[in-house]
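S.K.: Mind having a look at this structure? Questions to follow.
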Amino acid sequence: SLIPFILLAVVMLLGLGWDVVYDRLQKRRWDRDWPPTLQLAAGVAEGLALAGLLYGARLLPAPPPTQFILHYTAVWLTTFLASQSLMRLLFPRWRYHGGQWI
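Going by our numbering, the sequence shown opens with residue 734, and the numbers climb by one from there.
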């Protein structure tokens, strides 16, 4: 079935759109940083947008809401915790150069 790949493409396109918005918002902040509380708000907004597309548009068969919430939360928390811990340990100078590879 192609449905998982279609959903993956939708998430990718949604993520590319969100990235433009996040970049503009981040450039307006004085420290050009994206604190964890804003990351949490962004994760909730992304989840709501994706759920709205899945359950509102009804273009594709959607999983049960509980399964969607559990899966999205597990993937998002894993990514968030890795960015807050593992990535900071592996790349300590990355934070001080604004994410640029120098």
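Backbone N, C-alpha and C fix where the C-beta goes; we use that ideal spot for every residue, glycine too.
None of the values given here were measured: they were computed from a predicted structure.
In terms of residues, what are the limits of the alpha helix (DSSP H) holding Y755?
M.R.: Per DSSP, Y755 belongs to the alpha helix (DSSP H) from 736 to 761.
S.K.: What does a CB cutoff of less than 6 Å around Y788 pick up in its chain, not counting 5 residues either side in sequence?
M.R.: The answer, listed in chain order, is A795.
S.K.: Should the stretch 774 to 784 be called in touch with the stretch 802 to 814, which here means at least 3 C-beta pairs below 8 Å?
M.R.: Flag = yes, the stretch 774 to 784 and the stretch 802 to 814 touch.
S.K.: What's the C-alpha gap between I739 and L773?
M.R.: Spanning the two alpha carbons is a distance of roughly 26 Å.
S.K.: For a test of the three-state rule: what should DSSP assign to L792, helix, strand or coil?
M.R.: Note: L792 maps to coil in three-state DSSP.
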